[in-house]
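Undergrad:
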Ligand SMILES: *[C@@H]1O[C@H](CO)[C@@H](O)[C@H](O)[C@H]1NC(C)=O
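In mature numbering (1 follows the signal peptide of the UniProt record, and there is no 0), the protein residues as written are -26 to -1, 1 to 165.
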């Protein structure tokens, strides 16, 4: 949305609010935050085979794919997930950025396809904030939002568009333990 359109939208929203004061404010677009539906699926994957692991793709299910991620800001909302970057782990192939596996004691992350930005963030640090703590972690891989349900992706569905897939060391550094480990809302920024 251009600034002009944005201001116009705000003006209209303002008028609507005057008329219907119960409606919530709709000025997020003017601050670069994610608008609902701004990053839409590019398609779906419909696997032909089921795989037995709990999180694996299943026949009859449809998995959305994304080329985009929500726009980044100085403090971008994301879902942090847990990844095994080591050889033989559920992360599948070696990391995209360097063709290597990584120990889970390293603070490393994979980013959804849009944020991975064709490798633009490779080997750079991002800052992850959660629970009042802040840690740096190195981008080493893509969390593929466009492909999945195949051996290369350990039969996992495509990544959601807003994921920071982090090693155990990142979770530890943030002090997130026990049942909270696995999926956690965080914010991140380029470091
Ligand atoms: C995490 O954020 C999403 C929106 O991005 C929200 O729907 C969900 O309720 C949040 N979960 C928790 C546990 O706060």
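Backbone N, C-alpha and C fix where the C-beta goes; we use that ideal spot for every residue, glycine too.
Under a three-way DSSP split, which group does residue 215 fall into?
TA: Because the chain here runs from -26 to 165, residue 215 falls outside it and cannot be looked at.
Undergrad: Where does residue 162 land, buried or exposed, given buried means 16+ other C-beta within 10 angstroms?
TA: Residue 162 is buried by the Cβ-count criterion.
Undergrad: Do you know offhand how far residue 10's Cα is from residue 44's?
TA: Confidence is the limiting factor: at residue 10 the pLDDT is only 47, short of 50, which leaves the residue's position unreliable and the question unanswerable from this model.
Undergrad: What is the rounded straight-line gap between the Cα of residue 37 and the Cα of residue 165?
TA: Each residue's alpha carbon lies about 32 Å from the other.
Undergrad: Identify, in the order they occur along the chain, each residue of the same chain with its Cβ nearer than 8 Å to the Cβ of residue -3, setting aside the five sequence neighbours on each side.
TA: Caution is warranted here: a pLDDT of 36 is assigned to residue -3, below 50, making its placement in the model unreliable, and the coordinate value is therefore given only provisionally. Result list for residue -3: empty, nothing under 8 Å.
Undergrad: Can you tell me where the beta strand (DSSP E) with residue 104 in it begins and where it stops?
TA: 99 to 104 is the span of the beta strand (DSSP E), which, as asked, contains residue 104.
Undergrad: Can you name the residues that DSSP bridges to residue 160?
TA: For residue 160, which the question treats as bridged, DSSP gives the partners 52.
Undergrad: Below 8 Å on the Cβ atoms is my guess for residue 82 versus residue 112; work out the distance and round it to an integer in Å.
TA: The pair is a contact, with the Cβ atoms about 5 Å apart (cut-off 8 Å).
Undergrad: Can you name, in chain order, every residue of its own chain whose Cβ lies under 7 Å from the Cβ of residue 23, other than the five neighbours on each side?
TA: The answer, listed in chain order, is 33.
Undergrad: In three-state DSSP terms, what is residue 115?
TA: In this structure, residue 115 counts as strand in the three-state DSSP scheme.
Undergrad: Compare the Cα-Cα distances from residue 127 to each of 17, 41, 29 and 12 and report the closest residue.
TA: The shortest Cα separation from residue 127 among 17, 41, 29 and 12 belongs to 29.
Undergrad: Helix or strand or just coil, what does DSSP make of residue 128?
TA: Three-state DSSP puts residue 128 in coil, outside helix and strand.
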